[in-house]
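What follows is a single structure, written as structure tokens, with notes after it.
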Amino acid sequence: FSLASIPARPSKQESMRTARLGTLWLGAVVLAFAASSLALKENDFRKCPEASFCRRLRREAPSSGLYSVDPASLTSNGQKTEFVVRHKSSGRPLQASLSLFDGSVRLTVDEAEYTAPHPQTNAPEGWNPDTDGEWTPLPAIQQPLRKRWQATDALAHGFANQVLQHQLVKGFDDHFKVQDDKITITVRFDPFEVLIVKDSIEVARINSRNMMHFEPFYPKDSGVNMFRAEWPELPSDNLWEESFGSHRDTKPFGPSAVGIDIVFPGAKALYGLPERSVSYSLPNTRGAGLEDKQPYRLFNLDVFEYETDHPHPLYGAIPTVVAATPTTGSNAGAMFLNAAEQFVDLEDVQDGKSVHFMAETGVIDLFIFTGPSPKQVSKQIADATGKPFFPPLFSIGYHQCRWNYRDERDVLEVDEKFDEHDIPMDVMWLDIEHTDNKKYMTWDKNLFPDPAGMQRKLAAKGRRMVTIVDPHIKADQGFNLFQEAQEQGLFVRKPDGSGTQEGHCWPGNSAWLDYLNPAARQYWASKFGTYDGATDSLFTWNDMNEPSVFNGPEISMWRDAQHHNGVEHREVHNMYGFYMTEATWDGHRMTHPNRRPFILSRSFFAGSQRSVAIWTGDNTAEWSHLRAAQPMILSVGIAGLPFVGADIGGFFNNPEPELLVRWYQAAAFTPFFRGHAHIETARREPWLFGDDNTRRVREAIRRRYDIMPYLYTLFRIAHEEGTPIMRSLSYEFPHDDSLVAVEATFMLGDSLLVTPVDTPSVGDVQVVLPSHARWFSFPSLKEQSNTGLQQVSAGIDEGIPVFQRGGTVVARRTRARRNTYSMMYDPMTLSIAPTAEGQAQGEIHLDDGQSMAYEQGMFSRVSFDWKDNVLKVKRVTQQNVYNSDVGVERVLVAGVLREPTSVTLTGYAGTEQRSFNYNPDTRVLEIRSVAASLDQSWSLEIKN
Amino acid sequence: MPGSTCTSALLVRHLAVAVSTSLLLLGACTTAIQIPPTFGAHPSKMSHYSPANGNEKFSCLDGSKSIPWQWVNDDYCDCTDGSDEPGTSACPQGQFHCTNADYKSKDIFSSRVDDRVCDCCDGSDESLHPCPNTCRQLGRMERDKLQKAIETVKKAVELRESLIENAKAAMSRAKTELPKLKDLLLVQEKAVADAQEALSVVVSQKQASENPADAKEIPLTQSQKRVKEGFKSSATEQEQPDVPEDESAHSTTDKILTPTKDVVMASPSMFLTAFQPMMKSVGKVFSTFKSIFFPTEEEKLRSEIGNKSRAVADTKKSIEENEAILEYDWGHDSEFFGLNKKCMIEKFRDYKYEVCLFDKGSQLVNFGVGTSLGTFQGWAELPTKATAWGTTHHRVQQFRNGQYCPALRGSRELDVSFVCQDETRLLEVIEPTPCKYSAIIGTPAVCTQKLVDEIQQEMEF
């Protein structure tokens, strides 16, 4: 939840004070006035015109290039080719490098080490002594004045070692080349431009629009004049000081913005750049008719009651964009690895799409992911920024959360009710009220006298618990965490470095751990080992980690606050939450070395997929927010973070029962599946809306558990390949240009096509069924004979339509269980949907669902291959390393034209007949009691 | 499990198929488990599961299908109603019956069978996961608990009896009082009428002797009018003691009126005097004193009418009270009669709550006024529910129109439910949904012999 309503609305404040939280809100009372206008309004958050760097960088593309390559500077060691790029008018050198990885290209540009007299000896053209003052000679250029902070911690551990050998080809008049057997990079000298070609296809052009921009650090005393001398065409206001609202940013190091443009030739759509609530296919921000549009902003913020279909940035940022080119069926991507505030313009250019990244500070560290397939782009992103963590099985079950379950009894009653209504549930959550006065990793001992006992009661039924642990530390000398961190100097410091920067958050006066500091991360991690009342079944929720600071600029940290080694907050802002969750991950790993961590975070950055699931923050109980969830989840997924979900029902306000039911039906097919609600909403556990709605929600949640083996395998594949769990149709069918903007229908993995119902009072819904594939209604397996846009029945009792794609085998578990633990050894049902040629494939991953033993190969992989009326089940991994003790009980085959005469099971020891039922209307064959182990290889043959 | 060459028993359970054939896919070290068709079936339906009846096939209980006997409890779901798998988890709609000898038998969802969680105390729901039989121990504990409960409830039943007796006594008193009061009222009303008659005679005589024209048309100011109306209403209507003091200008006037009401009734003109500073001349003040110490005949009569009207009002009030005693819903046996306006204050966590039965509920804070959770609205019938203090009574007191709650966009509400206890006390107040409170009160008023019988019945296992 966000700063949420408490200080935001005086009326709510009143109700809180009188009826609920009592004295806890003294701090909030102070805030009430300042925060009274927090509901998202245009003016509460910075946009390009309010950010001086964006005013400078967002301009018309210069007709001639500002930078050129110094050919004499070229050097290469075969892994890195380095060269100097000069700002042509000032002669200032920048150090650039190019390197090649498997399918990706990295270009970096930073200030070169350089000392020289300033070339500008006379006043620049247009200098007016009357208005601009007397021209004074400029001091010598010395650079860098300050080391630029780099966001490289976001990169996968050991990524640098994955660099490939390349060849530098010199000797041309106007360019050089860097190449390996697949990729050729052509670098033009003047103006500086980089062209990337893979397998003879032009993938991307860098700086072809001459938008590259790099402001060196200037000495403060003569900086304005130096700046104006070098950038006469740019506005020079607010270089060393800037305000937004009532907040003044001291900007002690002055301007240091960087920017660059990328063109994707042939691209029809751009995706990614989360997090915000806009359509999946990102609308352009520049071009004819778009003069009023704002560039997309990447800046992690706690936005109270965010609006849908609005380009403002939300809690997390991944500076990664993916371009789709249906004509070749290819995808490519770009990541501008920089943790400072960014603005990004998207624009149509003559032959494709242009992306213009602009950052307030930092370096140019640009990755181009060359694809060409969507999955290859995902793999290249995962290679660069890390594989998504492999979650424990329970975490892909259903999560029940509320701000707040009052006390132990409340928790256990809700737990019991799920059983009473036979609704599966894996995890109970506790929000901030469970703590002793918002001191995290403590318990309110009146409400939770025996937290470990409570967790054990849940664990006895195979359920887990998650508690919230936020980064703001109550500034209370009696709180050991505060006292220790204060003593060790582990907090973010004031702009002048003089002491801990305090601010307001849930506990009142608070300090923020400086997770940038390795000592702070280590300290934080160690706290999970001494977390009183925590058991093996307790996991973590990191909220408010943008960070949210109630009295800070834009409800966040002061940009000039100081981190470890004098780094300014502005340089690292978008990675604050990332560093926090890295430290939490370490804490989990240290405390439970053989347990897979599960951490939910609200803030994230490139690389966060290595340690967290995220949710889309504080949404609202409105149909528009249900609708907005899909593009948001798809956008985060395509940018490399697959484990994403939206709060079911909407965090703020009370959903009508129909909305709640439809939300459960949709969310059951999204990666992270959690119900959550604001403290001021009515209780909304599934059984509170009458028997009909209870049944509908039960069915919705059961559909989730039904496909659990398939879903778990998707998470495993995501862990290996970076592939999103939830995918757009354009991801699975990249050649079909009619699908580039489709988001109302999506794919869950490569086999299931899902269309949520996101409007009230409807009995059917429009489903997009891509042509060139066969589609079978799931799980009935009745064939849908027409493709394209189809009106499909989707009554509230039927649930939302799901289709299985021809050519796939989906593993299901049809037994209704209370959670993933309970279904661990249940036999599976294989759902076979053949292509027109009568073929289908699939696979599953099996392991213990919770330990790290999979890293030692303790898992099994089983492949399913259907061809010529024979199902071959093959254990792919070595025999007897890991035995799942799981069998297959049922095989369903779609599109069987005639009733078979016999079905024969063949194992290593012989053959047996199996009984079956054939339905001539649906043409579905059900082979019953297959009773064959998935720890063995076997086949099933259908004879006509 | 790593390296194991034998497939575990659990797998065998799920592979327990076609029991006549060999399990060719399993290692030689396993044997199939055959589950009898009756396993897990409810005792009342046992006959359906017996092939001995000469049925060649098993009929699904919903009649939808017939299947071979070996398909019953073969861990594969064939009947849509789940009836072919009473003893396995194969059917999502099924039920499993735990016998739980020495304790209460129980029907559980099939989803609980073989799910690695012990649901039946006899362990019968888990064939492979270790579940110790705890039925005997549970049975003993339950018996002890129920025995104690019976003793408490029995004692409380006696208390309830005395509550009922007290109520009955009060009612019979009311029944006898009522006709008497009604007679008295007639007499008192007659007396008032007589005195008014006498007064009108005196006044008309006086008017005739003085100057009648002047007295008739003294124009009244706004505040005089109000006072006059106030006077009228307090003379003709029942007084309402529970009207909040800060209600309106009208009641503010009432408040000012109250201390001198007798005098006012005796002499409206004098009252007007006291209320009109403009008219507060020395002469008038003098005449006020004069009228108190040396009343004229007229003034004496007015005073008498006032006193007698008050007596009428008092009697009316008593009649209403007695009628309320007789007509009001004090519970089936009037067992709640003794709890009328009974107030209880308890602190739960950070808040103190006060509940006054048949009256009001509030949340008290340390500083400033408390928050009203509502005033008594009436009884409602709600399904009984199990709580930590026992099962709630089916009737609930509802308190509505409490202080406005922005989160709810409406007023706060309180529901008070009752559980059997040997004394009346506030056990719990929670706020499950913002501004919707629910309280539990323990009281002997809901302790009946039926409850004793029910507990007795519960002990029969």
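The listed protein sequences correspond, in order, to chains A and B.
Residues in the first sequence are numbered from 4 upward in steps of one, following the numbering used here.
Residues in the second sequence are numbered from 23 upward in steps of one, following the numbering used here.
In this text, a Cβ means the ideal position worked out from N, Cα and C, and glycines have one as well.
Note that this is a predicted model, so its numbers are computed, not measured.
7 Å CB neighbourhood of residue i in its chain, flanking five on each side removed
i	result
T684 (chain A)	N656, N657
K126 (chain B)	F483
Q399 (chain B)	Q420, F421, R422
Proximal residues to residue i (C-beta, below 8 Å), its chain only, five neighbours per side dropped
i	result
G25 (chain A)	Here G25 (chain A) scores only 35 on pLDDT, less than 50, and its place in the model should not be relied on; the value that follows carries that caveat. Taken in chain order, the list of residues that qualify is empty.
N407 (chain A)	L433, D434, I435, E436, H437, I682
D177 (chain A)	R191, F192, D193
A616 (chain A)	P394, S398, F601, I602, L603, S604, F646, V647, G648, P674, F675
C-beta atoms of residue i and residue j nearer than 8 Å
i	j	result
C404 (chain A)	H591 (chain A)	no
L168 (chain B)	E453 (chain B)	no
S754 (chain A)	T811 (chain A)	yes
D422 (chain A)	T823 (chain A)	no
Y667 (chain A)	A624 (chain A)	no
S107 (chain A)	D386 (chain A)	yes
D183 (chain A)	L167 (chain A)	yes
T904 (chain A)	N947 (chain A)	yes
F607 (chain A)	F581 (chain A)	yes
Given residue i as reference, the closest of the options once Cα atoms are compared
i	options	result
R371 (chain B)	A:G798, A:D410, A:I704, A:D351	A:D410
H313 (chain A)	A:G841, A:A342, A:R605, A:M635	A:M635
S774 (chain A)	A:S788, A:I265, A:P782, A:D767	A:S788
S67 (chain A)	A:C57, A:K91, A:E85	A:K91
H738 (chain A)	A:E128, A:K382, A:K271	A:K271
F482 (chain A)	A:G465, A:K442, A:Q491, A:D425	A:K442
F531 (chain A)	A:T445, A:L519, A:S93, A:C51	A:T445
Q504 (chain A)	A:S107, A:P782, A:K870, A:G555	A:G555
L603 (chain A)	A:D453, A:S611, A:W690	A:S611
M578 (chain A)	A:L242, A:V281, A:L301, A:K83	A:L301
C120 (chain B)	B:D205, B:C140, B:A220, B:L430	B:C140
F440 (chain B)	B:A335, B:L221, B:A402	B:A402
Q420 (chain B)	B:C427, B:Q385, B:D444, B:D381	B:D381
E244 (chain A)	A:L237, A:T253, A:V87, A:P238	A:T253
G94 (chain A)	A:I144, A:F104, A:V879	A:I144
E363 (chain A)	A:R58, A:T762, A:A119	A:R58
P923 (chain A)	A:A897, A:S905, A:S932	A:A897
E85 (chain A)	A:R864, A:K173, A:F339, A:V927	A:K173
S796 (chain A)	A:R208, A:A935, A:Q769	A:Q769
F392 (chain A)	A:M855, A:S918, A:A631	A:M855
Whole-angstrom C-beta distance between residue j and residue i, which should lie under 8 Å
i	j	result
A671 (chain A)	R706 (chain A)	5 Å
R808 (chain A)	A839 (chain A)	Not really, about 12 Å apart at Cβ, beyond 8 Å.
W618 (chain A)	R677 (chain A)	7 Å
A586 (chain A)	T323 (chain A)	23 Å between Cβ atoms; not a contact.
L833 (chain A)	F867 (chain A)	6 Å
Close Cβ partners of residue i (< 6 Å) along its chain, the five nearest in sequence each way excluded
i	result
K302 (chain B)	The predicted position of K302 (chain B) is uncertain, since its pLDDT is 49 and thus under 50; no value can be drawn from it.
E915 (chain A)	L908
P268 (chain A)	E205, D354, G355
G30 (chain A)	Only weak support is given to the placement of G30 (chain A): the predicted model assigns it a pLDDT of 39, under 50, and the question is left unresolved by the model.
> At which residue ranges does the stretch 396-446 of chain A contain complete alpha helix (DSSP H) runs of 4 or more residues, listed in the order of the chain?
Replying inline: 411-423
>> Report the start-end ranges of each beta strand (DSSP E) in the stretch 323-367 of chain A that is 3 residues or longer and not cut off at the edges.
In response: 323-328, 333-339, 345-352, 355-362
> Where in the stretch 191-263 of chain A do unbroken runs of the alpha helix (DSSP H), each at least 4 residues long, occur, reported from the N-terminal end onward?
Replying inline: Taking only runs of at least 4 residues, the alpha helix (DSSP H) segments lying wholly in the stretch 191-263 of chain A are 226-233.
> Which runs of the beta strand (DSSP E) spanning at least 3 residues fall entirely within the stretch 62-122 of chain A, listed in chain order?
Replying inline: 70-79, 84-90, 96-104, 107-114, 117-119
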